[in-house]
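Protein sequence lines correspond, in order, to chains A and B. One point on numbering: in the working numbering, the residue at position 16 of the first sequence is 18, and numbering is uninterrupted. One point on numbering: in the working numbering, the residue at position 171 of the second sequence is 184, and numbering is uninterrupted.
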Amino acid sequence: MVFLEFEKPLESLYEQLENLKEVGEKGDIDVSDKIKELENKIKSERKEIYSSLTGWQKVQLSRHPERPYSLFYIREMFKKFTELHGDRYFKDDKAIVGGLANLDGQTVVVIGHQKGVNTKMRQYRNFGMANPEGYRKALRLMKMAERFDYPVICLIDTPGAFPGLEAEERGQAEAIARNLFEMARLRVPIVCAVIGEGASGGAIGIGLGDRVFMLENTWYSVISPESCSSILWRSWDYKEQAAEALKLTADHMLDFKLIDGIIKEPLGGAHNSPEEMAKTLKKHLKKEVAELMEMTPDERISLRVEKYSRMGQYDTLKKKVAVKSK
Amino acid sequence: MGWFRRLKDGITTKTVNKKDAPDGVWYKCKKCKEASTTKEFKENFYKCPKCNAHARIGSEDYFDLIFDGKYTELFDDLVSKDFLSFTDLKPYDKRLEVAKKKTGLLDAMTVATGKTNKKSLTIAAMDFSFIGGSMGSVVGEKIAKAIDYSIENRTAFMIISKSGGARMMESAFSLMQMAKTSVKLAQLADAKLPYFSFMTDPTTGGVTASFAMLGDINFAEPEALIGFAGPRVIRETIKQDLPEGFQTSEFLLDHGFLDFIVDRKDLKQKIGDLVCYF
Ligand SMILES: [Zn+2]
């Protein structure tokens with residue numbers, strides 16, 4: 003079990019619990035009441051900790067090493083899944099996975115950022131940082147969904163698009179921009195969920211949709227708190243402040259109407275009960291997909307355009323101020 | 014009034030709104046380090062008379078250069094606000110105040126409509142001098158409104174990009190402008206109106222990864238920095254030096270992301286040609 007900094011009080015309780023269980027196994031003393039008591043204590047302590055998480059703590063949770071990634075959810079949620087590879091131009095990006103899946107009888111196209119579960123796999127998945135071919139693979143699959151009238155589900159979990167030399171050569175910016183343009187008018191439903199990290203262009207590159215959700219302990223921002231700290235504070239030490247200032251948590255995002263809803267996580271975060279999390283996520287996706295399928299493509303697209311057109315906060319000057327002479 | 018018009022009209026007084034333009038009698042080129050007179054430099058379209066390096070100019074300068082005489086500024090009543098009460102080393106509303114005072118602009122985007130080569134054209138042009146040309150809600154909204162205007166009045170549409178990327182102080186609102194502007198450009202495409210994307214130094218980050226790369230025609234000034242990630246970030250990621258000319262206009266042309274590169278002295282002619290095809 004991995005305990006994050008703010009979970010430290012839980013760690014000692016768990017140790018006590020382990021010790022107690024050992025004593026119990028020896029069979030001399032009946033400790034079952036004590037165990038129950040301790041388990042309740044852990045539960046209430048956890049509730050307490052999790053009821054008032056800061057932005058930075060949620061960022062840490064979103065990156066928890068035991069947190070479930072896209073392929074876990076895909077395997078849990080769908081009866082069948084056939085992974086499809088490659089962008090048909092250059093290669094297969096391992097940081098974005100996708101394919102055809104069966105959602106209780108409905109064929110869907112599912113796409114998601116994928117992080118690695120151990121050191122070797124993290125390298126293999128490039129830490130969930132996609133190259134242009136990842137975004138182009140995603141677009142290829144979305145266009146296929148459009149051709150056959152299948153809804154698209156996107157799972158977002160990336161620390162950003164890969165900032166590499168070859169990524170630039172092959173047009174990282176163009177690949178993301180093209181996806182935004184095509185997703186804006188894709189004629190089938192698009193439902194997105196941030197399941198971990200939602201960092202900037204790398205996230206929104208598969209994140210424009212009719213409905214966009216965030217799991218409770220995830221974040222979505224134009225920049226990571228670390229990079230924001232380094233640029234605006236000119237030091238890496240202000241990540242906590244940056245995380246607060248960026249207002250990057252799900253509740254802020256919903257409050258700003260930049261997302262359509264929050265999906266509750268099990269107590270202690272998604273990693274504490276991954277199967278339960280997958281069940282909840284599936285229930286949400288199914289409901290949203292079914293609702294969106296009731297609409298015509300034109301209705302969906304015009305609502306999509308309206309939704310994104312509304313995003314922005316600015317003032318309108320009452321009286322024109324003469325700021326320049328022409 | 015921008016300097017091109019003043020030049021045409023023989024006006025030599027300082028502009029009120031001089032933006033990135035240098036003062037003084039001498040201009041020292043940042044690239045070749047050679048000195049020229051400011052007059053020579055200005056008459057050469059703010060390019061170094063010695064090595065042709067294009068210096069940064071402002072939105073109004075481009076309007077004066079591209080439009081046939083008069084043009085109308087649109088949506089000049091939109092101003093940024095510190096919706097998130099964002100404070101880093103300085104509060105965002107202070108930064109806005111300083112930027113407004115320094116530039117005489119209300120934000121990093123100005124929209125104008127007029128004629129070029131006798132054809133209607135609406136231009137949204139960015140100013141780097143305003144918080145690094147960063148994209149916040151006002152930049153996105155002005156693009157959205159400019160596209161609505163283009164569709165309503167059946168004009169061609171052009172964006173002149175010049176931006177360091179997102180405006181961090183607007184956090185996710187800034188990020189969502191990528192989606193918003195792309196959604197609006199899709200509407201423009203459906204209306205069968207052409208979109209010219211003109212990239213100038215620098216065009217990076219979320220601006221490149223949304224509207225800048227989505228032109229029906231993509232073109233750029235020579236030697237402009239154009240990319241997604243900044244060169245410093247890439248260097249730190251790959252832990253090696255970047256090849257010479259990496260992320261320049263010439264590099265992008267060679268890799269297939271630009272249709273052509275245009276010298277500022279030929280810009281009006283080139284755009285005049287383009288609008289006639291559509
Ligand atoms: Zn020079």
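Ideal placement from N, C-alpha and C gives every residue a C-beta, glycine not left out.
Give the secondary structure of residue i by DSSP, where H, G and I count as helix, E and B as strand, and everything else as coil.
| i | result |
| --- | --- |
| A:Gly200 | strand |
| B:Tyr40 | strand |
| A:Leu157 | strand |
| B:Cys61 | coil |
| B:Phe99 | coil |
| A:Tyr137 | helix |
| A:Pro11 | helix |
| A:Asn120 | coil |
| A:Ser78 | First, the amino acid is wrong: residue 78 of chain A is Glu here, not Ser. Here A:Glu78 sits in helix by DSSP. |
| A:Val33 | coil |
| B:Thr50 | strand |
| A:Ser2 | Outside the displayed span of chain A (3 to 328) sits residue 2 of chain A, for which this structure offers no information. |
| A:Val291 | helix |
| A:Val190 | coil |
| B:Met139 | strand |
| A:Ala163 | coil |
| A:Tyr16 | helix |
| B:Arg277 | helix |
| A:Lys285 | helix |
| B:Lys283 | helix |
| A:Gly130 | helix |
| A:Ile208 | coil |
| A:Phe150 | coil |
| A:Met216 | strand |
| B:Leu119 | coil |
| B:Ser133 | strand |
| B:Ser147 | coil |
| B:Val220 | helix |
| B:Phe291 | coil |
| A:Phe50 | Sequence check: residue 50 of chain A is Glu here, not Phe. Correct three-state label for A:Glu50: helix. |
Quick one: does the C-beta of residue i sit closer than 6 Å to a heavy atom of ligand 1?
| i | result |
| --- | --- |
| B:Ala66 | yes |
| B:Glu47 | yes |
| B:Lys41 | no |
| B:Lys55 | no |
| B:Lys60 | no |
| B:Glu278 | First, the amino acid is wrong: residue 278 of chain B is Lys here, not Glu. The answer is no for B:Lys278. |
| B:Lys63 | yes |
| B:Lys44 | yes |
On the DSSP letters alone, give me the boundaries of the beta strand (DSSP E) that residue i sits inside.
| i | result |
| --- | --- |
| A:Glu85 | Lys82 to Glu85 |
| B:Gly127 | Met122 to Thr129 |
| B:Ala169 | Ala169 to Ser176 |
| A:Tyr222 | Trp221 to Ser223 |
| A:Tyr316 | Tyr316 to Thr318 |
| A:Val111 | Gln108 to His115 |
| B:Leu91 | Leu91 to Ser93 |
| B:Ile239 | No beta strand (DSSP E) contains B:Ile239, which DSSP labels as neither H nor E. |
| B:Ala233 | Ile230 to Ala233 |
| B:Leu87 | Tyr84 to Leu87 |
Find the residues of chain E that neighbour residue i, judging by a C-beta separation of less than 9 Å, and give them in chain order.
| i | result |
| --- | --- |
| B:Ser93 | Absent from the structure: chain E. Protein chains present are A and B. |
Could you spell out where the alpha helix (DSSP H) holding residue i opens and where it closes?
| i | result |
| --- | --- |
| B:Lys190 | The amino acid occupying residue 190 of chain B in the given sequence is Gln; Lys does not appear at that position. Ser184 to Asp203 is the span of the alpha helix (DSSP H), which, as asked, contains B:Gln190. |
| A:Lys58 | Per the sequence presented here, residue 58 of chain A reads as Trp, with Lys not at that position. Start and end: Gly57 to Ser64. |
| B:Arg245 | Pro244 to Ile251 |
| A:Gly101 | Element bounds for A:Gly101: not the alpha helix (DSSP H) but the beta strand (DSSP E), Ile98 to Leu105. |
| B:Asp267 | Ser262 to Asp267 |
| A:Glu228 | Pro227 to Cys230 |
| B:Pro215 | It is not in any alpha helix (DSSP H) - B:Pro215 instead sits in the beta strand (DSSP E) that spans Tyr208 to Thr216. |
| B:Gly153 | Ser150 to Asn166 |
| B:Ser72 | Ser72 to Ile79 |
| A:Glu308 | Pro299 to Arg312 |
* **the stretch 142-152 of chain B in contact with the stretch 170-184 of chain B per 3-pair CB rule at 8 Å** => When C-beta atoms of the stretch 142-152 of chain B are compared with those of the stretch 170-184 of chain B, three or more pairs fall below 8 Å, so the two segments count as touching.
* Every unbroken beta strand (DSSP E) inside the stretch 245-280 of chain A [3 residues or more] -> Within the stretch 245-280 of chain A, complete beta strand (DSSP E) segments of at least 3 residues are found at 263-265, given in chain order.
* Asked: Pairing CB atoms from the stretch 216-223 of chain B with CB atoms from the stretch 264-273 of chain A, are three or more of them under 8 Å?
  -> The stretch 216-223 of chain B, when compared against the stretch 264-273 of chain A, does not touch it at the 8 Å Cβ threshold.
* Asked: Would you say the stretch 29-49 of chain A touches the stretch 77-89 of chain A, given that touching needs at least three Cβ pairs under 8 Å?
  -> Fewer than three beta-carbon pairs drawn from the stretch 29-49 of chain A and the stretch 77-89 of chain A are found closer than 8 Å, and the two stretches are therefore not classed as touching.
* **Cβ contact check for the stretch 61-81 of chain B and the stretch 126-138 of chain B: 3 or more pairs under 8 Å** => At 8 Å Cβ cutoff, the stretches touch.
* **Three or more C-beta pairs below 8 Å linking the stretch 290-299 of chain A and the stretch 198-210 of chain A** => With the rule of 3 Cβ pairs closer than 8 Å, the stretch 290-299 of chain A does not count as touching the stretch 198-210 of chain A.
* **Stretch pair the stretch 129-147 of chain B + the stretch 51-61 of chain B: three plus CB contacts closer than 8 Å** => Here the stretch 129-147 of chain B does not lie against the stretch 51-61 of chain B, with fewer than 3 beta-carbon pairs under 8 Å apart.
* Three or more beta-carbon pairs under 8 Å between the stretch 183-194 of chain B and the stretch 230-247 of chain B, yes or no? -> Contact fails: fewer than three Cβ-Cβ distances are below 8 Å.
* **Cβ contact check for the stretch 212-220 of chain A and the stretch 249-257 of chain A: 3 or more pairs under 8 Å** => With the cut-off at 8 Å, the stretch 212-220 of chain A and the stretch 249-257 of chain A touch.
* Asked: Counting Cβ pairs closer than 8 Å, one from the stretch 195-202 of chain B and one from the stretch 231-245 of chain B, do we hit at least three?
  -> Too few Cβ pairs lie closer than 8 Å, so no.
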